[in-house]
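Visitor: Quick one: the structure is below, questions incoming.
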Amino acid sequence: MAVAFDEMNIPGGDLRPAYQELARWLKETPPEALEYRRQEAELLFRRIGITFAVYGEAESTERLIPFDVIPRIMSGKEWALLEKGLKQRVRALNMFLRDIYHGRDILRAEIVPDDLIFQNPVFRPEMNGQQVPHDVYVHIAGIDIVRVDANDFIVLEDNARTPSGVSYMLENREIMMRLFPDLFARHKVAPVERYPDELLSALRSVAPLSASGEPTVALLTPGVYNSAYYEHSFLADKLGIELVEGRDLIVKNNEVFMRTTEGVKRVDVIYRRVDDDFLDPLTFRPDSVLGVPGLMSAYAAGNITLANAVGTGIADDKAIYSYMPDIVKFYLGEEPILKNVPTWRCREPKDLAYVLDNLSELVVKEVHGSGGYGMLIGPAATKATIEAFREKLKREPEGFIAQPTLALSTCPTCTATGLAPRHVDLRPFVLTGSKSTTIVPGGLTRVALKEGSLVVNSSQGGGTKDTWILDE
Amino acid sequence: MLSRTAENLYWLARYVERAEYLARTIDATLRVTALPAAYVGKTNEWDSALLTAGVAASFYQTYEEANEHNVVDYLSFSVDNPSSIRNCIEAARLNSRSVRTALTSEMWDTINSAWIELQAVWSKGTSTREDLAKFLRFVQETSLRFDGSAYRTMLRNDAYWFSRMGVHLERADNTARILDVKYHVLLPEEEHVGGPLDFYQWSSILRSVSALTAYHWVYRETLKPWLIADLLILNDTLPRSLASCYGNLVRNLDQIGVAYGRQGPAQRHARGIRNRLEHSNMNDIFQHGVHEFIQEFITDNSRLGEIITKQYLI
Numbered sequence: 011m012a013v014a015f016d017e018m019n020i021p022g023g024d025l026r027p028a029y030q031e032l033a034r035w036l037k038e039t040p041p042e043a044l045e046y047r048r049q050e051a052e053l054l055f056r057r058i059g060i061t062f063a064v065y066g067e068a069e070s071t072e073r074l075i076p077f078d079v080i081p082r083i084m085s086g087k088e089w090a091l092l093e094k095g096l097k098q099r100v101r102a103l104n105m106f107l108r109d110i111y112h113g114r115d116i117l118r119a120e121i122v123p124d125d126l127i128f129q130n131p132v133f134r135p136e137m138n139g140q141q142v143p144h145d146v147y148v149h150i151a152g153i154d155i156v157r158v159d160a161n162d163f164i165v166l167e168d169n170a171r172t173p174s175g176v177s178y179m180l181e182n183r184e185i186m187m188r189l190f191p192d193l194f195a196r197h198k199v200a201p202v203e204r205y206p207d208e209l210l211s212a213l214r215s216v217a218p219l220s221a222s223g224e225p226t227v228a229l230l231t232p233g234v235y236n237s238a239y240y241e242h243s244f245l246a247d248k249l250g251i252e253l254v255e256g257r258d259l260i261v262k263n264n265e266v267f268m269r270t271t272e273g274v275k276r277v278d279v280i281y282r283r284v285d286d287d288f289l290d291p292l293t294f295r296p297d298s299v300l301g302v303p304g305l306m307s308a309y310a311a312g313n314i315t316l317a318n319a320v321g322t323g324i325a326d327d328k329a330i331y332s333y334m335p336d337i338v339k340f341y342l343g344e345e346p347i348l349k350n351v352p353t354w355r356c357r358e359p360k361d362l363a364y365v366l367d368n369l370s371e372l373v374v375k376e377v378h379g380s381g382g383y384g385m386l387i388g389p390a391a392t393k394a395t396i397e398a399f400r401e402k403l404k405r406e407p408e409g410f411i412a413q414p415t416l417a418l419s420t421c422p423t424c425t426a427t428g429l430a431p432r433h434v435d436l437r438p439f440v441l442t443g444s445k446s447t448t449i450v451p452g453g454l455t456r457v458a459l460k461e462g463s464l465v466v467n468s469s470q471g472g473g474t475k476d477t478w479i480l481d482e
Numbered sequence: 033m034l035s036r037t038a039e040n041l042y043w044l045a046r047y048v049e050r051a052e053y054l055a056r057t058i059d060a061t062l063r064v065t066a067l068p069a070a071y072v073g074k075t076n077e078w079d080s081a082l083l084t085a086g087v088a089a090s091f092y093q094t095y096e097e098a099n100e101h102n103v104v105d106y107l108s109f110s111v112d113n114p115s116s117i118r119n120c121i122e123a124a125r126l127n128s129r130s131v132r133t134a135l136t137s138e139m140w141d142t143i144n145s146a147w148i149e150l151q152a153v154w155s156k157g158t159s160t161r162e163d164l165a166k167f168l169r170f171v172q173e174t175s176l177r178f179d180g181s182a183y184r185t186m187l188r189n190d191a192y193w194f195s196r197m198g199v200h201l202e203r204a205d206n207t208a209r210i211l212d213v214k215y216h217v218l219l220p221e222e223e224h225v226g227g228p229l230d231f232y233q234w235s236s237i238l239r240s241v242s243a244l245t246a247y248h249w250v251y252r253e254t255l256k257p258w259l260i261a262d263l264l265i266l267n268d269t270l271p272r273s274l275a276s277c278y279g280n281l282v283r284n285l286d287q288i289g290v291a292y293g294r295q296g297p298a299q300r301h302a303r304g305i306r307n308r309l310e311h312s313n314m315n316d317i318f319q320h321g322v323h324e325f326i327q328e329f330i331t332d333n334s335r336l337g338e339i340i341t342k343q344y345l346i
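Quick look at the structure:
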C-alpha cells in the first residue's frame with residue numbers, strides 16, 4: 011500500500027500553507043489546555059444530546075460520536091476544485107435518474123448494461139414515466155470523498171438516498187467556535203451556518219404546481235428510535251418545519267395532510283428521511299408502520315414532492331458506481347473532475363481474471379452489500395479466507411466488484427499519546443433546487459481514531475472533525 | 033401544531049409534575065414515620081403513600097409488605113412501576129426527544145441532564161437516608177427547573193398552553209388524591225378531637241403539596257383540618273389547590289380557543305368544574321361529604337383529560 015498523503019506536513023519537514031497558522035497555535039498551546047477543551051467539547055455534545063443509536067445493542071442505545079478538536083483544513087483553491095467536481099457529479103446523477111425513468115438513452119447507447127438496472131432491487135418501476143418537479147431527483151446528496159495525493163479528489167461513494175451527517179457539520183462548527191474563538195480569530199474560515207436556509211429554499215423551490223404560494227415543507231422521520239433521529243429533529247428545528255412521523259400524515263383525494271391541533275393541514279414537500287421501502291405500505295412493504303398509506307398515489311398525482319425522489323438508489327448503487335465517469339461524460343460531454351476509485355467489475359471476464367490473480371491486494375465488495383458486510387480485504391485476510399472467497403467469486407462473479415486498498419490521507423488528531431496522524435474522509439452536502447446547485451463550504455470529516463485504521467464509520471470507532479475551508 | 037407534538041408536550045409536563053409529586057409524597061412520609069409511634073398512630077403511612085400514588089394494587093403484586101424500603105424502591109426506582117420516578121423521567125425524556133423542536137434549549141437541557149444524572153448517579157437506587165434525601169431533592173429541583181425554564185423561555189402560544197394544561201391537570205389530580213386518602217383525618221369542626229397524632233398527619237398533608245408555610249400565611253392559625261381542606265380545595269391563591277389548578281386550566285383552554293378561533297367541549301367542561309369550585313364553600317362540602325366531593329372531582333378531572341385528548345391530541 012502506498013504511503014498516505016499527509017494533509018498537514020510535506021515530507022521533508024515543511025508545512026502545507028493551510029496548516030501553518032494551526033501549527034503555530036498548537037506550539038503555543040500547552041497540551042493540558044487542549045485536553046481541557048477536549049473534555050469540555052465532549053460535555054457539550056452530551057448535554058445537547060447529539061447522539062446516535064447503535065442497532066442491536068440492548069443497553070445504552072444512545073452513543074456519542076467521538077469528536078476530535080483539531081480541525082481539518084483545506085485551502086480555498088482546493089475547495090474550488092472540489093466544489094466544481096461535486097456540482098458536475100450531482101448534475102450527472104440527476105440526469106442519469108431522469109433518463110433511467112424516462113427515455114433510457116444511456117441504455118440504448120450501451121454505456122450501462124440493462125440488467126444492472128432492471129434486475130437491481132433498488133430500481134423502482136413505480137417511477138417509470140413519473141414526472142418529478144424540475145426533474146430534480148437528488149435534492150440532497152452526500153458525496154464521500156477521499157484524498158490520496160495533493161492534486162486529486164476521489165469519490166468513494168455517492169449517497170443519493172437519505173444521506174445523513176450534516177447536523178455534525180453544523181454542530182461541530184458551533185462547538186469549535188464556542189471553545190476555540192482564538193483559533194478562529196487567526197483564520198478566515200468560510201461559514202457553514204447558512205446550510206439550513208439553503209436547504210429550505212431548495213426544498214421550497216421544488217414544490218408541486220398544485221401547492222399554494224407558500225408551500226408547506228415537513229421532515230418525515232422514522233421516529234425517535236432511528237439512529238439519525240437527533241439529526242432529523244435538529245434540521246426540522248433549524249428549518250422551522252414540522253418534524254412528522256408517518257402517523258401524523260394522512261392522504262385524502264391524493265393530497266397529503268398533517269394532523270394538527272386545528273384540524274388537518276396540507277403538506278407540499280416532504281424532506282423524507284425514511285427509506286423507499288417504508289414510505290407507503292400500499293406500494294412497498296405492507297408491514298411498514300413508518301410510512302403513509304396512499305403517499306405514492308399522491309406522489310403520482312403530482313401533489314407532493316418527495317426529497318429525495320423515490321428510486322434514487324439506482325444512482326448510488328455499487329454496481330453503477332464504476333460507470334460514473336462514463337455517465338458524466340455521456341450526459342455532460344465533459345471529463346469528470348472527480349475521479350473514481352479504479353474498480354474491476356467481476357462480471358467482465360477480463361476484470362475477473364485480474365481480480366482472481368490479485369486477491370491478496372484488493373478489496374472485494376458485494377455489489378448489493380453495505381456497511382462492510384460480505385467484504386474481502388485482501389491485504390488483511392488469511393490465505394484460507396482468500397481461497398474461500400475465490401470460490402464464491404467464481405460462482406457468482408456478477409455479484410462483486412474489486413478495488414485497490416486506498417491510502418486515505420491523514421490529518422493531525424488528538425490521541426492518548428499526543429497529536430498523531432489519522433486517516434480521514436470527507437462528506438460534503440450538495441443541494442439541488444429548481445434553479446441552482448449549491449454546496450456549503452465544508453462537510454463532515456470522519457476520522458479513523460485507531461492507529462493505522464482506515465475505517466471511519468461511526469459504528470466502528472470513527473470520530474468526526476470540524477472541516478475548515480479557508481476563505482483566502 | 034401537530035397533534036402529536038401537543039400530546040407530547042402535554043404528557044411531558046404531566047410526567048415531570050408527577051415525578052415531583054412522588055418525591056414530595058415520599059419526603060412527607062419519611063418525616064411522619066420518623067416520629068415515635070405515639071405521634072402517628074397505627075396507620076401504615078407507607079401504605080397511604082402507595083394509595084395517594086395510585087399504585088397500591090400493582091405494588092402488592094410484587095411485594096408482601098409496605099415498608100419504607102419496598103415503597104421507596106417501588107415509587108422511586110422500580111422499572112416495573114410505570115409511574116415510578118425513574119419511569120416518569122424516562123418517559124419525560126422520550127417525550128422531549130420526540131418534540132425537541134417544540135422545546136426551548138433550556139427545557140431540553142433540564143430533562144436531558146436529569147436523565148443523564150438518573151443513569152450516572154441513581155441507576156442503583158439509594159442505600160442511605162442521606163442519599164435518598166439527595167435524590168428527592170434532585171427530583172424536585174428538576175421539576176422546578178423545568179417549570180422555570182418553560183415559564184421564562186417558551187413562546188406564549190399553543191405549545192406553552194398545552195404544556196401548562198398538562199401541569200395543572202396532573203397537579204389537580206395529585207392534590208385530589210392526597211385528600212382522597214387522608215379525608216378521614218379532615219373532619220368538620222364540631223366532630224374534631226385534636227391530638228398530637230392528627231397534628232402530624234395534617235402537617236404531612238400540607239408538606240406533600242408544599243403548603244405548610246402557606247397555610248400559616250393564609251390563615252394565621254394553628255392547624256385546623258377544615259382550614260386545610262379549604263386551602264387545598266377552594267383557596268385559589270395556593271398554586272396546588274384544586275381551585276387554582278382549574279383557574280389556570282380554564283385560562284389555558286380559553287387562550288387556545290381564542291388562538292384557534294373556536295371553543296369546544298374541553299372549554300365547557302373545564303368551566304363547569306371551575307364554576308362548581310367557585311360556588312362551593314367548605315360547609316356544603318362537609319355536608320355532602322368530603323369523600324364524595326373529592327371522588328367526583330377526580331372523575332371529572334380525568335374526564336377533562338379525555339376530552340382534551342379527543343379534541344386536540346389525536
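First to last, the sequence lines map onto chains A and B. Per this note's numbering, the first sequence starts with residue 11, numbered consecutively. Per this note's numbering, the second sequence starts with residue 33, numbered consecutively. Backbone N, C-alpha and C define an ideal beta-carbon position, used for all residues, glycine too.
1) With 8 Å set as the bound, which would you pick, yes or no: does the beta-carbon of Leu253 of chain A sit closer than that to a beta-carbon of chain B?
2) Cα-Cα, which of A:Ala319, A:Ala430, A:Lys198 and A:Val202 is closest to Val450 of chain A?
3) Tell me the DSSP secondary structure of Glu265 of chain A in three-state form.
4) Under 9 Å between beta-carbons, which chain B residues line up against Ser243 of chain A? List them in chain order, please.
5) Around the C-beta of Arg272 of chain B, are 16 or more other C-beta atoms found within 10 angstroms, so that it is buried, or is it exposed?
6) Identify, in the order they occur along the chain, each residue of the same chain with its Cβ nearer than 7 Å to the Cβ of Pro297 of chain B, setting aside the five sequence neighbours on each side.
7) Kindly list, in the order they appear in chain B, the residues whose Cβ is closer than 7 Å to that of Pro272 of chain A.
8) Compare the C-beta of Tyr239 of chain A with all C-beta atoms of chain B and state if any pair is closer than 8 Å.
9) Who are the near neighbours of Tyr333 of chain A in its chain, counting only those whose CB is closer than 6 Å to its CB and skipping five residues on each side?
10) Give the residues from the region 386-401 of chain A that approach chain B closer than 9 Å (Cβ to any Cβ), ordered along the chain.
11) Hey, how far is the Cα of Asp78 of chain A from the Cα of Leu211 of chain B?
12) Out of A:Leu189, A:Lys97, A:Pro131 and A:Met187, which one is the CA nearest neighbour of Ile150 of chain A?
13) Alpha carbon to alpha carbon, how far is Thr341 of chain B from Ser222 of chain A? Give it in angstroms, no decimals.
14) Are Val466 of chain A and Asp435 of chain A closer than 8 Å when you measure CB to CB?
15) Using a Cβ-Cβ distance cut-off of 8 Å, determine whether Tyr95 of chain B contacts chain A.
16) Along the chain, which unbroken stretches of the alpha helix (DSSP H) at least 4 residues long are found entirely within the region 86-128 of chain B?
17) Report yes if the C-beta distance between Val279 of chain A and Arg204 of chain A is below 8 Å; otherwise report no.
18) What residues are listed by DSSP as bridge partners for Tyr281 of chain A?
19) From which residue to which residue does the alpha helix (DSSP H) around Gln172 of chain B run?
20) Look at the alpha carbon of Val254 of chain A and the alpha carbon of Phe288 of chain A, and state the distance between them as a whole number of angstroms.
21) Should Arg432 of chain A go down as buried or exposed, given a rule of 16 or more other Cβ atoms within 10 Å for buried?
22) Excluding the 5 residues flanking Ala38 of chain B on each side, which residues of the same chain have their C-beta closer than 8 Å to its C-beta?
23) Using a Cβ-Cβ cut-off of 8 Å, state whether Met33 of chain B counts as contacting chain A.
24) When you compare the region 39-55 of chain A with the region 182-189 of chain A, are there three or more beta-carbon pairs, one atom per stretch, that lie closer than 8 Å?
25) DSSP has Thr425 of chain A in a bridge; who is on the other side?
26) So what's Thr61 of chain B in DSSP terms, helix, strand or just coil?
27) Where do the N-terminal and C-terminal ends of the beta strand (DSSP E) with Asn169 of chain A fall, by residue?
28) Could you give the residue range of the alpha helix (DSSP H) that holds Gln98 of chain A?
29) Taking beta-carbon pairs under 7 Å, can you tell me which members of the region 267-298 of chain B lie near chain A?
30) To the nearest angstrom, report how far apart Leu342 of chain A and Leu348 of chain A are at their CA atoms.
31) In chain A, what lies closer than 9 Å to Arg118 of chain B by C-beta?
32) Closer than 8 Å, CB to CB, is Asn40 of chain B near chain A or not?
33) So, does the CB of Ala14 of chain A fall closer than 8 Å to a CB anywhere in chain B?
34) My guess is that Pro407 of chain A and Leu362 of chain A are in contact by the Cβ rule of under 8 Å, so how many angstroms apart are they, rounded?
35) Using 8 Å as the limit for Cβ to Cβ distance, is Leu126 of chain B near chain A?
36) Please report the straight-line C-alpha distance between Leu36 of chain A and Phe15 of chain A, rounded to a whole angstrom.
Guide: Working from what's here:
1) Chain B, which has a Cβ nearer than 8 Å to the Cβ of Leu253 of chain A, makes this yes.
2) Its Cα nearest to that of Val450 of chain A, the residue A:Val202 stands out among A:Ala319, A:Ala430, A:Lys198 and A:Val202.
3) Reduced to three states, the DSSP call for Glu265 of chain A is strand.
4) Residues of chain B passing the Cβ test: Arg129, Ser130, Val131, Arg132 and Thr133.
5) Of the other Cβ atoms in all chains shown, 16 or more fall within 10 Å of the Cβ of Arg272 of chain B; this residue is therefore buried.
6) If the five residues before and after Pro297 of chain B are omitted, its C-beta is found closer than 7 Å to the C-beta atoms of Ile339 and Gln343, all from its own chain and listed in chain order.
7) With the sequence shown as reference, residue 272 of chain A is identified as Glu, and Pro is not the correct amino acid for it. Those within 7 Å of Glu272 of chain A in chain B are Tyr292.
8) For Tyr239 of chain A, the answer is yes, since a Cβ of chain B falls inside 8 Å of its Cβ.
9) For Tyr333 of chain A, where only same-chain residues beyond five positions count, the Cβ hits under 6 Å are Val122.
10) Correct list: empty, as no residue qualifies.
11) Rounded to whole angstroms, Asp78 of chain A to Leu211 of chain B spans 56 Å at the Cα level.
12) Closest by alpha carbon: A:Lys97.
13) Taking the straight line from one Cα to the other gives about 31 Å.
14) Between Val466 of chain A and Asp435 of chain A, the C-beta gap is smaller than 8 Å, which places the two residues in contact.
15) For Tyr95 of chain B, the answer is no, since every Cβ of chain A falls outside 8 Å of its Cβ.
16) Runs of the alpha helix (DSSP H) inside the region 86-128 of chain B: 88-94 and 100-104.
17) No.
18) BP columns for Tyr281 of chain A point to A:Leu229 and A:Ala317.
19) From DSSP, the alpha helix (DSSP H) with Gln172 of chain B extends over Arg161 to Thr185.
20) Spanning the two alpha carbons is a distance of roughly 14 Å.
21) When all chains shown are included, Arg432 of chain A counts as buried.
22) Here the set comprises Asp190, Ala191, Phe194, Tyr344 and Leu345.
23) Yes - at least one Cβ of chain A is within 8 Å of the one on Met33 of chain B.
24) Yes, the region 39-55 of chain A touches the region 182-189 of chain A.
25) Within the DSSP secondary-structure output, Thr425 of chain A pairs in a beta bridge with A:Gly428.
26) In the structure shown, Thr61 of chain B sits in a helix (DSSP, three-state: H, G or I).
27) Start and end: Phe163 to Asn169.
28) Segment Gly86 to Ile110, the alpha helix (DSSP H) holding Gln98 of chain A.
29) Listed in sequence order: Tyr292.
30) Each residue's CA atom was taken as its position, placing Leu342 of chain A and Leu348 of chain A some 14 Å apart.
31) Going along chain A, no residue has its Cβ under 9 Å from Arg118 of chain B, so there is no contact; the nearest lies around 16 Å.
32) No, its Cβ sits nowhere closer than 8 Å to a Cβ of chain A.
33) Cβ-Cβ to chain B under 8 Å: no for Ala14 of chain A.
34) With 8 Å as the limit, Pro407 of chain A and Leu362 of chain A qualify as a contact, their Cβ atoms being about 5 Å apart.
35) So, interface residue.
36) Note on geometry: alpha-carbon atoms of Leu36 of chain A and Phe15 of chain A lie some 21 Å from one another.
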